[in-house]
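Each protein sequence line maps, in turn, to chains A and B. Everything in the first sequence is counted per full-length UniProt numbering, starting at 1 for the first residue and increasing by one. Everything in the second sequence is counted per full-length UniProt numbering, starting at 1 for the first residue and increasing by one. Backbone N, C-alpha and C fix where the C-beta goes; we use that ideal spot for every residue, glycine too.
There are 2 protein chains.
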Amino acid sequence: MEDKLMLMIPGPTPVPEQVLLAMAKHPIGHRSADFSRLVADTTAGLKWLHQTTGNVLVLCSSGTGAMEAGIINFLSAGDRVLCCENGKFGERWVKLAQAFGLDVDLVQAPWGKPLDPEAIRAKLEADTDKQIKAVILTHSETSTGVINDLETISGYIRAHGALSIVDAVTSLGAANVPIDAWGLDVVASGSQKGYMIPPGLGFVAVSDRAWKAYETATLPKFYLDLGKYRKAAQKDSNPFTPPVNLYYALDAALKIMQREGLENIFARHAKLTRATRAAIKALNLPLYAADEVGSPAITAVAPVEVAAEDIRSFTKKHFDILLAGGQDDLKGKIFRIGHLGFVSGRDVLTAIAAIEAALTGLGYSNFTSGAGVAAAAAELAK
Amino acid sequence: MEDKLMLMIPGPTPVPEQVLLAMAKHPIGHRSADFSRLVADTTAGLKWLHQTTGNVLVLCSSGTGAMEAGIINFLSAGDRVLCCENGKFGERWVKLAQAFGLDVDLVQAPWGKPLDPEAIRAKLEADTDKQIKAVILTHSETSTGVINDLETISGYIRAHGALSIVDAVTSLGAANVPIDAWGLDVVASGSQKGYMIPPGLGFVAVSDRAWKAYETATLPKFYLDLGKYRKAAQKDSNPFTPPVNLYYALDAALKIMQREGLENIFARHAKLTRATRAAIKALNLPLYAADEVGSPAITAVAPVEVAAEDIRSFTKKHFDILLAGGQDDLKGKIFRIGHLGFVSGRDVLTAIAAIEAALTGLGYSNFTSGAGVAAAAAELAK
């Protein structure tokens, strides 16, 4: 049905009506006092969301642009870095690091499994002459629905002295990422995720330690030179024309988030995750990641007796619900249910009901009708 | 008065209501068939606007991001380039080229004057061993309201064999920029100008000759690697999450532009420019650029007996009209009237009437009341 689409993917995520309408306002001049107030307000909101007193800088870019900024501002060609990879976005870090001539060492885990903090600790402890300048990793691995133990890993990185450079694209605004408390150095994210706004803004939080590294980093940069953004931020401004209407959206969304409160936001995502996982189990479908490491943003399901892509096609065709597919090697092997951002228990119930209908429609009978919805409802009622 | 702002600056420019409302639609998945159709449609529209059969790639960036992409994809560190500079955005090209380690030779003209094509020709003819890999210039110099003779300069560049890399940020959609006919290689622009949509999209048109240079260019790149965008464009897609809602705006704006027609768009901008310039002359205020080189996007005025910033403050305070100020050395010395994008004769009449009121209010009496409006109206009536 036209205009009836329901997004249950890890991004773009659903956008609240008041955020959509905020974007439809006429742009104002980005060098005006009114816009400076908007920059000041949203910056305060971003620091609240990132739980930091340091800089949180706003780029006109996708999340990948924010990730690239996290590399090129703090490192020099030839620098040794430790990339941690357990999915497609971990791979993207490796590709990014290699594109800029970094000397990449790797810690890997199989897709669907979490990074092993002890493997990272061992690598760092073996690096007695401190050649590793940065440890680069993904917090919530969107491709597999696994969340890595960033707090523990960050502790090991701090003990070593390297910078931590983190993709928090699908964890910020869904899971606790207390940047200052965990001592994270560079944290990249994007607007179309927990922020509940459309794509187009990238965010980079930068610690004082990272700014020290910035002073000696020599990778060439201009548009993504965070020093320019820091300087402009001191005047509540931007070095280059910012996406004014997406700032309206950011402002509206941060206000919604602040009214809900960080703890409630994290609790909601945790509950939606439990409800989704309970439902999938009740449908006797294999979860791709274990409960203990399930991402609060997305749940990946690896059906065996019925094709993942057929389930996605069915829910799209009959119910206008968009589920995410698998990426790269996982294409056709998993489907992923996004429960990130502007998503409520009602949405999870709806998606599970549609998945049940799809399973039935596709001839899969290894479950009791209604069991998924009931399991989700039971978790939501807790 | 709240929400009554009228933008007469060179960007962001005013946005049509249907474009604003298009942005307020819920985002769809950027890997969906529906979004691919949107990419295909907007790509066709962009090729029409750029008058090219080559690639026009869409970035999530400001115009500066598009400019950077124009450098890093086609050049290598140490390459000699000829930067042509006659204003702030020419200076930005120089800074960009230097940031990426290019060997920059310069042709300059004073701010407010056009580039001298013969000076560029002389430099190119003297380069008999073809060390100059690219000539980098600004078409419409937004900081001064001067348009450079790109057609002639492009001819000289083609005769030499270097690539042309052009900032057409405030000329595309206002003046004729027939990319194929003029043999331009790399042309960068941004959404918040002639496109009539809010900031957030960058565009880069790339010729076959430029793609050949891409194959051997070694500057590091990832997020702005146009090869990735070209590859994705073959499938009507994007390498990284695109700003979906700005694509809605782009689609709506291109349809408006196509209904108006390229010739009519250019004629409208030329007429608005003539009307603005006639009015300023009738007010006995000095124009900063000569008639023959006046940009179709913006007219700079250099008042002597009354302070430029006072005029801007007056029109903002009393009439909610935002005029642009001078930048850098020109701060306080000029004000600039944007007449770019979604601007009609009515807007120019309005701005001139407000400027007249400001002049009177500020005690400037060296004009006949109504003379500016009458002169503008006379030009508009032609």
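- Residue state for GLY54/B is assigned as coil, using DSSP reduced to three classes.
- Counting only the Cα atoms, SER164/B lies some 10 Å from TRP182/B.
- Going by C-alpha positions, ALA358/A is about 21 Å away from ARG274/A.
- Non-local beta-carbon contacts of ARG31/B in its own chain, meaning distances under 6 Å to residues more than five positions away in sequence, are absent.
- In the displayed model, ASP79/B falls within coil according to three-state DSSP, outside both helix and strand.
- When Cβ-Cβ separations below 8 Å define contact, PHE367/B makes no contact with chain A.
- Boundaries for ASP167/B: no alpha helix (DSSP H) harbours it, while the beta strand (DSSP E) harbouring it runs 163 to 167, taken from the DSSP string.
- In this structure, DSSP gives ARG277/A a helical state, which the three-state scheme calls helix.
- Using a CB distance cut-off of 8 Å, LYS123/B does not count as an interface residue toward chain A.
- For GLU141/A, the pairing in a beta bridge is given by DSSP as VAL146/A.
- Non-local beta-carbon contacts of LEU246/B in its own chain, meaning distances under 6 Å to residues more than five positions away in sequence, involve GLY200, LEU201 in chain order.
- With contact defined as three or more Cβ pairs closer than 8 Å, the region 131 to 142 of chain A and the region 293 to 312 of chain A are in contact.
- CA-to-CA, the gap between ALA377/B and PRO303/B works out to about 22 Å.
- Take the alpha-carbon of GLY370/B and the one of GLU356/B: they are about 7 Å apart.
- The beta-bridge partner set that DSSP reports for ALA300/B consists of ARG336/B.
- Under a criterion of Cβ atoms nearer than 8 Å, no residue of chain B is adjacent to ILE298/A; the nearest Cβ is some 14 Å distant.
- Using a Cβ-Cβ cut-off of 8 Å, PHE342/B does not count as an interface residue toward chain A, since no Cβ of chain A sits closer than that to its own.
- Contact annotation, GLY325/B with GLU309/B: C-beta distance approximately 6 Å; criterion of less than 8 Å satisfied.
- Look at ASN245/A: its C-beta is under 8 Å from a C-beta on chain B.
- Between the alpha carbons of ALA233/B and ASP208/B lies a gap of roughly 15 Å.
- Within the same chain, Cβ atoms closer than 7 Å to the Cβ of ARG277/B are found at LEU287, ASP291, GLY294, THR299, the five residues on either side in sequence being excluded.
- Taken through DSSP and simplified to helix, strand or coil, ASP320/A comes out as coil.
- By the criterion of a C-beta distance shorter than 8 Å, ASP103/A is surrounded in its chain by GLY78, ASP79, ARG80, VAL81, once the five residues flanking it on both sides are discounted.
- For LEU184/A, no beta strand (DSSP E) segment is defined, and its DSSP state is neither H nor E.
- Residues ALA174, ALA175, ASN176, PRO296 of the same chain have their beta carbon placed closer than 8 Å to that of PHE266/B, with the five preceding and five following residues left out of the count.
- If you look at GLN108/A, you'll find it in the beta strand (DSSP E) that goes 103 to 108.
- Interface residue (Cβ-Cβ distance to chain A less than 8 Å): GLN192/B is classified as such.
- Think of a sphere of 8 Å around the beta carbon of THR276/A: no beta carbon from chain B falls inside it, the nearest being about 19 Å out.
- For HIS30/A, the nearest CB of chain B lies under 8 Å from its own CB, placing it at the interface with that chain.
- One alpha carbon belongs to VAL348/B, the other to GLN18/B, and they sit about 22 Å apart.
- Residue ASN148/A holds the alpha-carbon nearest to the alpha-carbon of ASP116/A among ASN73/A, ASN148/A, ASP129/A.
- In the three-state reduction of the DSSP assignment, ILE153/B falls in the helix class, which pools H, G and I.
- The secondary-structure analysis by DSSP pairs LEU59/A across a beta bridge with GLY202/A.
- Contact residues of the region 87 to 118 of chain B toward chain A are LYS95, LEU96, ALA99, PHE100, GLY101 (C-beta to C-beta distance below 8 Å).
- Listed in chain order, the non-local C-beta contacts of SER171/A below 6 Å within the same chain comprise HIS139, SER140, VAL177, local neighbours out to five positions each way being set aside.
- Two segments are said to touch when three or more pairs of C-beta atoms, one from each, lie closer than 8 Å; by this definition the region 236 to 253 of chain A touches the region 42 to 52 of chain A.
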